[in-house]
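Protein chains in written order, with the UniProt record's numbering: chain G, 1 to 333; chain H, 1 to 333; chain B, 1 to 333; chain E, 1 to 333. To keep things clear, I will list the structure first and then write my remarks on it.
Number of protein chains: 4
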Amino acid sequence: MQRFALLGAGFIGSVHARNLHLNKNIDFRVVYDVDGGRAQSIADEYGLTVAPTIDAVFDSGEIDAVLIASSTDMHAEHLRRAADAGVAALVEKPIDLDLVQATEVTRYVQASGIPAMVDFNRRFDRNHNELKRIIDGGEIGKVELIQMSGRGPSLPPLEYLRVSGGLMRDQTVHMFDLARWIVGTDPTHVFVTGSALSDAQVAEIGDIDTSVATLRFEDGTIAQIDSVRRTGYGYDERIEVMGSDGLVESGRQQVGAVSRYHGRHKTTDGLHEGWAQRVEATYATALDAFVNALETGSPLPNTLDDGLKAQAIAEAATRSLRTGQLEPIIYVQ
Amino acid sequence: MQRFALLGAGFIGSVHARNLHLNKNIDFRVVYDVDGGRAQSIADEYGLTVAPTIDAVFDSGEIDAVLIASSTDMHAEHLRRAADAGVAALVEKPIDLDLVQATEVTRYVQASGIPAMVDFNRRFDRNHNELKRIIDGGEIGKVELIQMSGRGPSLPPLEYLRVSGGLMRDQTVHMFDLARWIVGTDPTHVFVTGSALSDAQVAEIGDIDTSVATLRFEDGTIAQIDSVRRTGYGYDERIEVMGSDGLVESGRQQVGAVSRYHGRHKTTDGLHEGWAQRVEATYATALDAFVNALETGSPLPNTLDDGLKAQAIAEAATRSLRTGQLEPIIYVQ
Amino acid sequence: MQRFALLGAGFIGSVHARNLHLNKNIDFRVVYDVDGGRAQSIADEYGLTVAPTIDAVFDSGEIDAVLIASSTDMHAEHLRRAADAGVAALVEKPIDLDLVQATEVTRYVQASGIPAMVDFNRRFDRNHNELKRIIDGGEIGKVELIQMSGRGPSLPPLEYLRVSGGLMRDQTVHMFDLARWIVGTDPTHVFVTGSALSDAQVAEIGDIDTSVATLRFEDGTIAQIDSVRRTGYGYDERIEVMGSDGLVESGRQQVGAVSRYHGRHKTTDGLHEGWAQRVEATYATALDAFVNALETGSPLPNTLDDGLKAQAIAEAATRSLRTGQLEPIIYVQ
Amino acid sequence: MQRFALLGAGFIGSVHARNLHLNKNIDFRVVYDVDGGRAQSIADEYGLTVAPTIDAVFDSGEIDAVLIASSTDMHAEHLRRAADAGVAALVEKPIDLDLVQATEVTRYVQASGIPAMVDFNRRFDRNHNELKRIIDGGEIGKVELIQMSGRGPSLPPLEYLRVSGGLMRDQTVHMFDLARWIVGTDPTHVFVTGSALSDAQVAEIGDIDTSVATLRFEDGTIAQIDSVRRTGYGYDERIEVMGSDGLVESGRQQVGAVSRYHGRHKTTDGLHEGWAQRVEATYATALDAFVNALETGSPLPNTLDDGLKAQAIAEAATRSLRTGQLEPIIYVQ
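In structure tokens form, the structure reads like this:
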């Protein structure tokens, strides 16, 4: 039984809170947020203690692990605190928007020896996982060509976009991680082109909302990733992997199985309204995998280094947007 | 090369004419219709001779086979003429609406020794054929439960319905034949219930437009068949067969592979507009199978006896509609 | 906040226990089972009191509602106890296998005035619900023809079958309820034929494992329902409703959205392993609807009378199996 | 009625021959091939005259149009002959592998005033056409992101690859044309990366068999195109277009509608065996569109200039493969 504290009680914090409560191997005890009212509300729902300060979380000595769902600019600080306290950490991506600082904190945490994992929750999606299992089982031979789409339903608020680090670092980074995970090696080069099509203000803040990225791997494998902020038709995520001996696809996920036939058309349920509905179950699965690793002492399913590598790809991708060239990806040591 | 005459130049005759023209093993020579103008129009299109009388078709001595697509009440007479002339015959169903007369002409034709086949074209549908191949290959074990739908898009003209023999003899008979073909034995009992829902005039002429039939086979296998005259959403035909070791389905056939995602729905192409569009290709395949049997001397894929048996089921089905009981099926000897 | 006791701590009881625990409007307090050890195990998991006797459940005065998941032969007795105690009741189907006794207890409960509902959980399936919403919204016009399949993956133990009341009363009864719910009126006649195909012992105990039922409604609407105990390919449930203006289908539900293309085939995820996996979510939804009705005082989504009517159809269906006739359905007053 | 000659009697010539024969507005008269035996074989099948020389085709004065299906290196010469003879021409792509020479012959033909069209047959695919109709009807708003796949089942013979001009000019050029057609404007830049993965000999001849291309349009629209020589699972072609108001897809086309459920999987028919099976119908439709334009004097559905533009994109794409940069596309004037 792992005793947990939750740092951050915003939207994603409340998703995590429910999963922390339901997990049978977790003793969910404490919640902290800079906004005490938000923390109290979650504490009331699940019978928790509200920590008045971040110090109070770690000084109690009654916590085995923290789930860091605080604002992005606090991730690095909270990781250091966990390392200092010898407490395991599951952190929302990114480690830090600045790759240099993300690297520094990663090395600091690694030196401390605490178990630490970035919450790349999409790796835990039921269908993506099945796709990975099929590939690893050799059913499609050697991976040769990947096609991935990650498309959100509507433009997030501009205030969010301004601090997001841009499309590559904020959204496509999930797909960069999945590409590494699927292929099993690190891509060496990336090319990206993008446009701001949904709203003129996106261009004004120097960002894009529609893009196509191409990754190259050492052995000639190629991955193509499109990212979109606003589809208008729901949350659209799809992975397709062609190998030397077949193709496997984790397809678009429709909400239901109801079909209608009228006149000349068949109409069925469409996609999930947003990413939250689509990937909801993955947070519980990722958390469960983290806790199982803690309980059994087995290796974590992913590490802070995975976080750094996905960020390194996002950096090169952002550079490619500017240069119009296939850019080498520079992984930090 | 088989020299063919076509008897009947109406709608279905014109479908056959095109297939007779395109088939490489057929020398399509003559067309006959009581309406000489209709015959001439087809003759002009394919470079044929118009036979002025039915005698002229058979007396010429230049014909190896006839395709009988004349009006239903002429089928028996034309079959006898073919038997007398020693010419092979492919006849549209039914042999005759009256089962006793159908039996008589069948025996007469069989005594003559000519090859004769009822054009149960649905057996030649690409997908139904594949379903049959899978079942015969043992992939789903022993057949236990069949579900079939045959649903037309709109009510045929009342003049047609008045002479059609009723829903069971006119439309469901195709499915009765398919059920025998799939199971490989003859059903022993049938129960049917039906309603007239699309138009009050259907009830007035003593017919129904919506029905569910249940067939029982000696070994306990059960088949369910629904028949509908008017769907409003196109032509809907579907066969599903459950066996002791799996299920196989020849599914609804959508016209195309175009999908649209808008808001909360996905919209795709619907079904074929009518049966003619849906089963068009089966006429050519059935004709080809008939000609191949003539050319090679191999057994015909189906015979007049198959026609009689499907009609016998339709007779018992019509009786069940009146009695509300599971009726035994009486096959003629 | 409704204070609940759970009666019955077997397999289905443990499913209910989890839902009682998670529901925010429920204060889950007490569990009772004739097997005290089973009750204790659930009590430990959710922090409950174990009631040593059935009296202890009702005498405490601290319970607003009971969920009756005890063995079928105890349902009637537990319903009477709830009525006597003035406590609301949600009861697993059937009320009682004997329709006369089921009617008596229903009238007794109704006289007491307590809210009481049969847990016809399939009405709460997300897709069936959407189908119902579409029909009620008039999108397919007047309902004319229904096709339903309910097929279990494997034969239940013979000990279970012996006390189940037979296929119609045990399994098809769910579909009889759904048919009434979809059409909005009560069927007047039923015809059924069935076979024992999966295991010779099924016939020995006088039961069947494969059947096709046909229901007729006053206005000519027809419903066809097939029921199977053993598919070999998972749990297969499907509802299709044709109306005067289109068709709506709550289709087969595949477990996932992973597809593979190899050689000449595409392979995708199949169906759920069993009914428990397929309908799991419906229990929580049904419970939620029950509690909401208690909290708001609004009408229950279904009542004991719905249970009686579905059972009355099952009785006539069982009779039809013997007579081979379309049987009138006799609803008790 | 247009009197036609067919130039070239190889594999694709024989496909065209059948369509020329079946088209009701075509009087198919003459066939020519450098290999007289091949020409004779087609002449025998359709009752044609074999032209002994190319001069004989054009000097007869009895021809209104030619279908040029000769070897690629003869296309330009045959186009010039048609222009000199004042005979309409439908030519297989490419006009000439050398873009400069293709441009010269295009200008020469245009100066002659004859109607001339490149046979970009994929524009005439039923589903791609429906996709185009939906987009042009404004149903998905402004086009923003396109994803296309064109993947062949197996590596063509190396002798063919050696003279093909490389993957971009030979195969991807079809998709470049479709991208222009869908968007309605010309892309300005292209980036491509590719690998030789199926066979070491592909790299030895300086070609690739797996690639991802990205196109940019003036208004920010982006298209992604992957091309593969060897899938191992059949011919895979797919187009997906996201607009500001929805998405439309011309999906993978499965051969049939047969499904099987066994154990934990559903298996359906896979894709067409090769491109010939998949796009067979498009040749007849394209030919029909060409003939209709000749008969009615309406504009041709596509022109030699469309051929030049698709080739210009392929040239820039081939350059990008070398430079690793987003390359400007230089359209000839």
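A virtual CB, placed ideally from N, CA and C, is assigned to each residue, including glycine. Note that the coordinates shown come from a computational prediction; the quantities given were computed from them, not determined experimentally.
Any chain H beta carbon closer than 9 Å to G/LEU271: Residue contact with chain H for G/LEU271: present (Cβ-Cβ distance below 9 Å to some residue of chain H).
Alpha carbon of G/GLN2 to alpha carbon of B/LEU97, nearest angstrom: The straight-line gap from Cα to Cα measures roughly 48 Å.
Through-space distance from H/GLY152 to B/ALA289, alpha-carbon basis: Whole-angstrom Cα-Cα distance: 40 Å.
Neighbour list for H/GLN224 in chain B, Cβ cutoff strictly below 7 Å: Per Cβ cutoff of 7 Å: VAL212, GLN224 and ASP226.
Alpha helix (DSSP H) runs contained entirely in the region 24-107 of chain H, provided each spans 4 or more residues: Taking only runs of at least 4 residues, the alpha helix (DSSP H) segments lying wholly in the region 24-107 of chain H are 36-46, 54-59 and 75-85.
Within chain B, partners of G/LEU131 - CB distance below 8 Å: Those within 8 Å of G/LEU131 in chain B are VAL258.
Proximal chain H residues relative to E/ASN19, where beta-carbon distance stays under 8 Å: When 8 Å is used as the limit between beta carbons, E/ASN19 is near no residue of chain H, the shortest such separation being about 13 Å.
Test: E/LEU247 CB closer than 9 Å to a CB of chain H: Chain H contact via Cβ: present.
Closest Cα partner of B/GLU159 within the set B/ARG29, B/ILE205 and B/VAL183: The residue among B/ARG29, B/ILE205 and B/VAL183 with its C-alpha nearest the C-alpha of B/GLU159 is B/ILE205.
Contact check, B/ASP252 vs E/ASP269, beta carbons under 9 Å: Checking the displayed sequence, the identity of residue 252 of chain B turns out to be Arg instead of Asp. Contact flag unset, no.
Buried or exposed by the 16-neighbour rule on C-beta atoms within 10 Å, applied to E/GLN311: The residue in question, E/GLN311, is buried, as its Cβ has 16 or more Cβ neighbours within 10 Å.
Chain-ordered chain G contacts of H/GLY263 [CB-CB under 9 Å]: One finds GLY232, TYR233, GLY234 and GLY270 in chain G with Cβ atoms closer than 9 Å to the Cβ of H/GLY263, taken in chain order.
Option nearest B/THR221 by Cα separation, candidates B/LEU287, B/GLY141 and B/ASP236: It is B/GLY141.
Within-9 Å CB hit, B/GLN277 to chain G: No, no contact with chain G.
For E/ARG230, three-class secondary structure by DSSP: The three-state secondary structure of E/ARG230, taken from DSSP, is coil.
is_contact[G/PHE191, chain E] using C-beta, thresh 9 Å: Interface residue, yes.
Beta bridge counterpart(s) of B/ARG151 as assigned by DSSP: B/VAL228 and B/ASP236, per the DSSP bridge assignment.
With 16 other Cβ atoms within 10 Å as the buried cut-off, status of E/GLY246: Sixteen is the threshold: when 16 or more other Cβ atoms of the shown chains lie within 10 Å of the Cβ of E/GLY246, as they do, the residue is buried.
Contained beta strand (DSSP E) runs [length at least 3] in the region 233-318 of chain E, N- to C-terminal order: As far as the region 233-318 of chain E is concerned, its whole beta strand (DSSP E) runs of at least 3 residues are 236-243, 246-250, 258-262 and 265-269.
Selected residue, minimal CA-CA separation from B/LYS24, among B/PRO328, B/THR285 and B/GLY297: Check the Cα spacing between B/LYS24 and each of B/PRO328, B/THR285 and B/GLY297: the tightest is with B/THR285.
Backbone secondary structure at H/MET175 - three-state DSSP: H/MET175 carries a helical assignment under DSSP once its states are collapsed to helix, strand and coil.
Contacts around B/ASP125, its chain only, beta-carbon distance under 7 Å, and the 5 residues preceding and following it disregarded: Contacts found: VAL279 and THR282.
Enclosing alpha helix (DSSP H) for G/GLN201 [first to last residue]: Here the alpha helix (DSSP H) through G/GLN201 covers 200-204.
H/GLN333 versus H/GLU144 - alpha carbon distance: Whole-angstrom Cα-Cα distance: 28 Å.
Delimiting residues of the alpha helix (DSSP H) encompassing H/PHE11: Its alpha helix (DSSP H) spans residues 11-22.
Chain B within 9 Å of H/SER195, Cβ atoms only: Closer than 9 Å: yes.
The region 313-328 of chain B / the region 174-194 of chain B touching (three or more Cβ pairs under 8 Å): As far as the Cβ criterion goes, the region 313-328 of chain B touches the region 174-194 of chain B, which means the pair count is three or higher.
Proximal chain H residues relative to G/THR188, where beta-carbon distance stays under 7 Å: Going along chain H, no residue has its Cβ under 7 Å from G/THR188, so there is no contact; the nearest lies around 35 Å.
Per DSSP, the bridge partner or partners of G/ALA116: Paired residue(s): G/ALA89.
Beta carbon proximity, G/GLN253 to chain H, threshold 9 Å: No, its Cβ sits nowhere closer than 9 Å to a Cβ of chain H.
Residue-level contact to chain H via CB, E/ASN25, 9 Å cutoff: For E/ASN25, the answer is no, since every Cβ of chain H falls outside 9 Å of its Cβ.
Close beta carbons around G/ALA69, own chain, < 6 Å, minus the five adjacent residues each side: Exclusion of the five residues before and after G/ALA69 leaves GLY8, ILE12, GLY13, HIS16 and GLU92 as the residues of its chain whose Cβ lies within less than 6 Å of its Cβ.
Chain B contact for H/SER149 (CB, 9 Å cutoff): Nearest CB-CB separation between H/SER149 and chain B: below the 9 Å threshold.
Three-state secondary structure assigned by DSSP to G/GLN110: Correct three-state label for G/GLN110: helix.
Beta-ladder partner(s) of H/GLY141, from DSSP: Answer by DSSP bridge pairing: none, since H/GLY141 is not bridged.
Rounded C-alpha distance that separates G/HIS128 from G/MET175: Their backbone Cα atoms lie some 12 Å apart in a straight line.
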